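Adding 32 to a residue's 1-based position in the sequence shown gives its number in this note's numbering.
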Amino acid sequence: MASEKVPVAVNEPSAESPAPAPAPAPPTTADEPNSSDPPPEKPSDQRRRMFIILSFWVLIVLLGLPIWWKTTSIYRSDLPLTEMMEWADGKACKPVFPLQVTVQADSLQEQEAQTLLRQTQHALDDLNDFTAHHLRLQLAPRDAAGSSEPKVDSQSAVTIRLVPGDSTMSSSLDPTQPVLDITYPPNSVPSHSSSSTPSTLAAYIATELRATFAEEQAILSYLLSSSSPSPSSSEARTKSLSPELLASLEKRTTRALKYSHTYHLTFSLFTAGASPSTWDIDAALAEYIRPVLDVLSPIHNFTVDTQVQLYATPGVQSEVLSKDDLVSFINAAEWPLSPSIGGAPTINFIIYIGNQTVRLSDPSESPEATTTSQSWLVPQWGSVYLLSLAPTTTHVDVPALKQPLLTFSSHLLSLLGTPETGSLPLRLSTLSRIRSADLLLRASSTLGSLARLSLALPSISIPRSVADGVSKTLTRLDRACENLAAPAALEYARVAESEAERAFFEKSMVGQLYFPDEHKVAVYLPLLGPVGVPLVMGLVNEIRGWVRRRRERAEAARRKEE
């Protein structure tokens, strides 16, 4: 029987029936990008961004940093710090003063003079306990003409003229030239066959020479001990000085002014009333002060001015001034005292017209020993003289000014640090050597301070002018050290001290002392912050992206191999 095909009905969706739910999407893996993420960045874009960031950093490193370093770096000239510290520590120069002494012995035979010279030198060496000060004797050439005038050698500190006399020995210093006259009896001359033991005449000459230069040796010993960096050597030198002498040297140092090539002298006439109103100061200065200034001209230069001040009331009204009144006598608030002119220190000399005196001792302690004076010296400032005149005096003439100006000339020498003993030529030559040693020590100390400052502050500027000043100072110090006994040493030491002071107080260096590193940080942070943060963060992000991409490629290659 034939089979029949039965049609199968297919259910078609009607309009009323809801649409079937869409099949769920297959789950995505981590390797497949999410449809909500931005499209992957092209490799060319990544390289472009990396090149842009690198170009900024290349410009900063190769152009910006060098320009910043060049424009903000502090210039520091090379200084010979080791040599500077050697001068400051006293290792570069041992001050030695070999003084030449010429002996003029035309009255003696040649062999007798040589024997006397040798014995005197031995006696001097035995008496000398200060190794930095040497006296070296030499015999003056004989004068064929037989002149009795001393032949003064400009290279000698002093010339000894031996003059035969009576039975006693005596000595005297020439007041106008560095000549020491020694009179000796004929029987005191040693023969050429005498032993090495000093004769009476040789011992006497050595003793007189030692006494002549005793104050100079004491002052130089005090200077060297005061500036010595070693306490042991300083104590050794001061122990050789007596307490009285040490106190006198300290007083002298306190009284004297600091060395200057030029001083300004001001001579003032002060009076409490309307008279006297005029004075013959020009003629008096030419007669009593100018000769002293001419003698001091090889060591110092001077400028002079004068003034008259009427109705000048002193700070003390008493007729008899005690030592305590001297401090307040000068009425600096009302008296128009001249200031320094041209940078040179001023030394004031005041003549006050008034019936006043200075009592030097207390009458309650010793009435019979009470002494008075008309003048007093003000340390490192000047001098005051109280001049008593008749009430009717309207003009001060030259004779009335004689004693005040002579006093001022003596005080001027004291204020300049001149030794107190010996003739004036010897005192001035001693002053030249003392000032040379003082300036040499001060310049050496300044070099040491500059070297320590340079080491302590690495950020301080050292301009080229400082290095040039140090070089000039070292050159002059070497020359001064080699010629300490010669007059040229003073000029070398003066230039060295001036150059050292100028180098130490260089304006550009002093300004750096008030510019600390904290100030630099405060200046740079507001400028570098807005620029540096985007550059640094951009570089960090780019490095992170490069590391991530490299890690993804490595993982993809590993899965591919699996």
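Where a beta carbon is used, it is the ideal one built from N, C-alpha and C, also for glycine. Computed from a prediction, not measured in an experiment: that's the story for all the values here.
### Message
Once DSSP output is grouped into helix, strand and coil, what is the label at I85?
### Response
helix
### Message
If I measure Cβ to Cβ from L252 and keep anything under 8 Å in the same chain, skipping five residues before and after, which residues do I get?
### Response
Within the same chain, L252 has close Cβ partners P127, F129, F162, A164, H165, R465, I466, A469.
### Query
Is there contact between the segment 145-163 and the segment 102-114, where contact requires at least three CB pairs shorter than 8 Å?
no
### Query
Cα separation between A306 and A250?
49 Å
### Task
Give the range of the alpha helix (DSSP H) segment to which H443 is assigned.
430-447
### Task
Report yes or no: do three or more beta-carbon pairs, one from the segment 280-288 and one from the segment 479-486, lie closer than 8 Å?
no
### Query
What does H332 pair with, by DSSP beta-bridge criteria?
According to DSSP, which records beta bridges pairwise, H332 is partnered with nothing at all.
### Message
Can you tell me whether M569 is buried or exposed? The criterion is at least 16 other CB atoms within 10 Å of its CB, across all chains shown.
### Response
Counting the other Cβ atoms within 10 Å of the Cβ of M569 gives fewer than 16, which makes it exposed.
### Task
List the DSSP bridge partners of T294.
In the DSSP output, where bridge partners are listed per residue, T294 has N333.
### Query
Which residues share a DSSP beta bridge with Y9?
Since the first residue of the chain shown is 33 and the last is 594, residue 9 is not available in this structure.
### Message
Tell me the residue span of the alpha helix (DSSP H) that contains S481.
### Response
456-488
### Nonlocal neighbours in the same chain, by C-beta distance under 6 Å from R459, ignoring five residues either side
Taken in chain order, the residues that qualify are T450, P451.
### Paired residues, beta bridge with F129 - DSSP
H165
### Query
If we ignore side chains and look at the alpha-carbon of each, how far apart do G501 and M541 end up?
13 Å
### Message
Taking the alpha carbon of D356 as the reference point, which residue from W89, W408, V324 has its own alpha carbon closest?
### Response
Selected option, being the one with the closest Cα: W408.
### Task
Below 8 Å on the Cβ atoms is my guess for T294 versus T378; work out the distance and round it to an integer in Å.
Rounded, the Cβ-Cβ distance is 11 Å, inconsistent with contact.
### Query
From what residue to what residue does the beta strand (DSSP E) around D213 run?
211-216
### Query
Between which two residues does the beta strand (DSSP E) containing R284 stretch?
Not the beta strand (DSSP E): R284 falls in the alpha helix (DSSP H), residues 275-287.
### Task
With DSSP collapsed to three states, give me the class of A268.
A caution first: A268 carries a pLDDT of 48, below 50, which makes its placement in the model too unreliable to give a value.
#### Entry: Sequence-distant residues of its chain with Cβ nearer than 8 Å to R168 (five each side left out)
P130, L131, Q132, V133, Q153
### Proximal residues to D312 (C-beta, below 6 Å), its chain only, five neighbours per side dropped
D429, V430
### Task
Could you spell out where the beta strand (DSSP E) holding R632 opens and where it closes?
The question about residue 632 has no answer here: the residues shown for the chain are numbered 33 through 594.
### Query
When DSSP builds the beta bridges, which residues end up paired with W408?
V416
### Message
Looking only at its chain, what residues have a beta carbon closer than 6 Å to the beta carbon of V336, apart from the 5 residues adjacent to it on each side?
### Response
L297
### Query
Do Y417 and T439 have their C-beta atoms closer together than 7 Å?
The Cβ-Cβ distance between Y417 and T439 falls below 7 Å.
### Query
Within 10 angstroms of its Cβ, does H443 collect 16 or more other Cβ (buried), or is it exposed?
buried
### Message
Between the alpha carbons of D157 and P308, how many angstroms are there, rounded?
### Response
60 Å
### Task
Using the Cα positions of V211 and A137, report the straight-line distance between them to the nearest angstrom.
In this structure, the straight-line span from the alpha carbon of V211 to that of A137 is close to 13 Å.
### Task
Would you tell me roughly how many angstroms separate the C-alpha atoms of L567 and R591, rounded to the nearest one?
R591 has its alpha-carbon roughly 36 Å from the corresponding atom of L567.
### Message
Taking the alpha helix (DSSP H) that S204 belongs to, which residues open and close that run?
### Response
Taken as a continuous stretch (DSSP letters only), S204 belongs to no alpha helix (DSSP H), being part of the beta strand (DSSP E) at 202-205.
### Task
Report all residues from its chain with a CB closer than 8 Å to the CB of E594; omit the five preceding and five following residues, and keep chain order.
none
### Task
With DSSP as the reference, please indicate the residues paired to R108 in a beta bridge.
I494
### Query
How big is the Cα-Cα spacing for R581 and Y556?
Answer to the nearest angstrom: the Cα atoms are 36 Å apart.
### Task
Taking all protein chains shown into account, decide if P368 is buried (16 or more other Cβ within 10 angstroms of its Cβ) or exposed.
exposed
### Message
Rounded to whole angstroms, what is the Cα-Cα separation between V340 and R511?
### Response
46 Å
#### Entry: For N387 and R300, believed in contact at Cβ under 8 Å, the rounded distance
According to the sequence as given, residue 300 is Ser; it is not Arg. Between N387 and S300 the Cβ distance is about 19 Å, and since that is not below 8 Å, they are no contact.
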